[in-house]
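Same order as they appear, the protein sequences are chains A and B.
If you read the first sequence in the working numbering, its first letter stands for residue 76, the second for the next number, and so on.
If you read the second sequence in the working numbering, its first letter stands for residue -18, the second for the next number, and so on.
Here a beta-carbon is modelled for each residue, glycine too, at the ideal position from N, C-alpha and C.
First up is the structure itself, then whatever we jot down about it.
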Amino acid sequence: MSLNTKLLVFITKILVLLVLIYPLWLAFTPLYNSFVAKVSNSFVSVTERASGIALRPEAHFIWIDESGTGPEAAMQGIDVNRVYFNLILLVALFLATPNLGLQRRLKLLFAGVAILFITHVVSVVVIAKYMYLSSLSKHHDIQGRILEQARRFLITMGFQLFPVLIWAMLTLKYWSFRAEENEDCQKNNT
Amino acid sequence: MARKKRQECHEAPHSKRRGFTHNKRCVKDAEQAQQPPTTVERLRSFIRRNRVVIRVYLVFLFCIVSLFAVILVAVDTINTSVAAVTARAAGLVLNLFGTRAKVSDTIIYSQDFGMRIIAQCTGVFTMAIFLSAVLAYPCRLKEKAIGMAMGTPAIFLINVIRVVSLFYIGLYFPDFLDAAHYVFWQCLMILSAVVLWLFWAEKFVNVLEH
Chain A
76 MSLNTKLLVF
86 ITKILVLLVL
96 IYPLWLAFTP
106 LYNSFVAKVS
116 NSFVSVTERA
126 SGIALRPEAH
136 FIWIDESGTG
146 PEAAMQGIDV
156 NRVYFNLILL
166 VALFLATPNL
176 GLQRRLKLLF
186 AGVAILFITH
196 VVSVVVIAKY
206 MYLSSLSKHH
216 DIQGRILEQA
226 RRFLITMGFQ
236 LFPVLIWAML
246 TLKYWSFRAE
256 ENEDCQKNNT
Chain B
-18 MARKKRQECH
-8 EAPHSKRRGF
2 THNKRCVKDA
12 EQAQQPPTTV
22 ERLRSFIRRN
32 RVVIRVYLVF
42 LFCIVSLFAV
52 ILVAVDTINT
62 SVAAVTARAA
72 GLVLNLFGTR
82 AKVSDTIIYS
92 QDFGMRIIAQ
102 CTGVFTMAIF
112 LSAVLAYPCR
122 LKEKAIGMAM
132 GTPAIFLINV
142 IRVVSLFYIG
152 LYFPDFLDAA
162 HYVFWQCLMI
172 LSAVVLWLFW
182 AEKFVNVLEH
């Protein structure tokens, strides 16, 4: 199989997988969102003072509540579809990678999802803290500026980059393009 | 294994060190060889075996952060000039397909739908990721130049296709606009950068090795 054919097959598989996984992801997101919000809450409460913020998950949103107030006082929210969408890409990449074998594929996928989960928690904490500081007009101090740049990086590059980086790190040695071409060379030589 | 090592020590010909001290050293070496490697030794061994890949990742991360900083500094220029060029190119394609779209600076609009092109819609961030991957890959300068020259216009073209498709989706299927914009096209843009990079790495870099 030529390189162009291999790449075409790879792209086609990913496109089909993106379409197939999307409805599953929509159904799964509220549950995943609750889990991320719970873990993120523990980090937020560690880094904020007692009268800080709390994260409340609701379907495809995470509302940022001030501690001690009810849900009606929710200031702002994070649309988590714009954060978790890269889960679809990560799963599609792992499922479309050739020559992995089922067991190895599932192991690597599980590891990849675990690492991406950590990036989601960090992202939610960064965005929530930035939004909270902005609402208090405290985003011009050092912490606010760092959070602002981190948030910008996440939105413009990070969310797209993380699944690809994780996939590349975990599957690099199994990429088949070079391996199959080397086998072809050896066959031709013998 | 320790016993085998002792035998090897005893049978070693032309050994200058003989007698009790030599045997004691052999036994000590054998015992040390039997001890499991420490975490530091394992880490050193891992770094030694994967130093090329680790260097690639570090260079990649450095390039990403640097290019991101450059884009931030130049964001006003990107928001005006690059976004305007993207809008004009997309407007041209839309008119070629018969849609009466007008372009005003960075805004594309027709009778029923309009959209504004901002920095995130110009593809510069995807280009930055692609360029970082090209710069990080261990190859010659000429090959990196080919990669950059090939990838940058390709990503711009794919981005124009994205803008045009989102315009039509916003016009005829507005309910799907959010999903198309924030989920599918985000994935497809980075996927196009990955595929372009794979194509470049295999076609233009490895040819010399073969």
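Under the Cβ criterion of 8 Å, residue 152 (chain B) is not counted among the residues facing chain A. In the DSSP annotation of this structure, the continuous segment of the beta strand (DSSP E) that includes residue 136 (chain A) starts and ends at 136 to 141.
Distance from residue 162 (chain A) to residue 237 (chain A) at the Cβ level is roughly 10 Å; contact not present, criterion being Cβ atoms closer than 8 Å. With a cutoff of 8 Å on beta-carbon distance, residue 194 (chain A) and residue 101 (chain B) are scored as not near each other. Contact with chain B is found for residue 157 (chain A), since one of that chain's Cβ atoms lies less than 8 Å from the residue's Cβ. With its beta carbon at least 8 Å from every one in chain A, residue 118 (chain B) lies outside the interface. For residue 231 (chain A), the nearest beta carbon of chain B is closer than 8 Å to its own beta carbon. Taking a C-beta distance under 8 Å as the contact criterion, residue 77 (chain B) and residue 135 (chain B) do not qualify as a contact pair.
Residue pairing by DSSP puts residue 90 (chain B) in a beta bridge opposite B:83, B:95. By the neighbour-count criterion, in which 16 or more other beta carbons inside 10 Å mark a residue as buried, residue 140 (chain A) falls on the buried side. At the C-beta level, residue 86 (chain B) and residue 65 (chain B) come within 8 Å of one another.
Between residue 120 (chain B) and residue 94 (chain A), the alpha-carbon positions lie close to 36 Å from each other.
None of the residues of the stretch 128 to 153 of chain B has a beta carbon lying less than 9 Å from any beta carbon of chain A.
For residue 108 (chain A), the closest of A:242, A:198, A:229, A:246 by C-alpha to C-alpha distance is A:198. If you look at residue 22 (chain B), you'll find it in the alpha helix (DSSP H) that goes 20 to 30. Take residue 151 (chain A), set aside five residues on each side of it, and the residues of its chain with a beta-carbon closer than 7 Å to its own are 139, 206, 210, in chain order.
For residue 170 (chain B), the residues of chain A that pass the 9 Å Cβ criterion are 235, in the order they occur in the chain. Listed by position along chain A, the residues whose Cβ is nearer than 8 Å to that of residue 109 (chain B) are 232. C-alpha of residue 91 (chain A) to C-alpha of residue 85 (chain A): approximately 10 Å in a straight line.
For the pair residue 110 (chain B) and residue 171 (chain B), the CB atoms are nearer than the 8 Å cut-off. One Cα belongs to residue 157 (chain A), the other to residue 163 (chain B), and the distance between them is close to 6 Å. Contact annotation: in the stretch 21 to 39 of chain B, residues whose CB is within less than 8 Å of a CB in chain A are 34, 38.
Residue 180 (chain B) places its beta carbon less than 8 Å from that of residue 82 (chain A). Boundaries of the beta strand (DSSP E) harbouring residue 152 (chain A): 151 to 154, taken from the DSSP string. Comparing alpha-carbon positions, the option among B:157, B:152, B:168, B:159 lying closest to residue 140 (chain B) turns out to be B:168.
Residues of chain B with a Cβ closer than 7 Å to the Cβ of residue 228 (chain A) are, in chain order, 49. Annotation for residue 144 (chain B): 71 place their beta carbon closer than 6 Å to its own, counting only its chain and skipping 5 residues before and after. In this chain, residue 182 (chain B) is not harboured by any beta strand (DSSP E), its DSSP state being neither H nor E. By the criterion of a C-beta distance shorter than 8 Å, residue 97 (chain A) is surrounded in its chain by 163, once the five residues flanking it on both sides are discounted.
For residue 119 (chain B), the three-state secondary structure derived from DSSP is coil.
Contact note: residue 162 (chain A) does not reach chain B at a C-beta cutoff of 9 Å; the least C-beta distance is about 10 Å.
Across the structure, residue 160 (chain B) and residue 147 (chain B) are spaced so that their CA atoms are roughly 10 Å apart. Between residue 78 (chain A) and residue 183 (chain B), the C-beta gap is smaller than 8 Å, which places the two residues in contact.
With contacts defined as CB atoms closer than 8 Å, residue 157 (chain B) and residue 113 (chain B) fail to qualify as a contacting pair.
Rounded to whole angstroms, the gap between the alpha carbons of residue 174 (chain A) and residue 61 (chain B) is 46 Å. When DSSP states are grouped into helix, strand and coil, residue 114 (chain B) belongs to the helix group.
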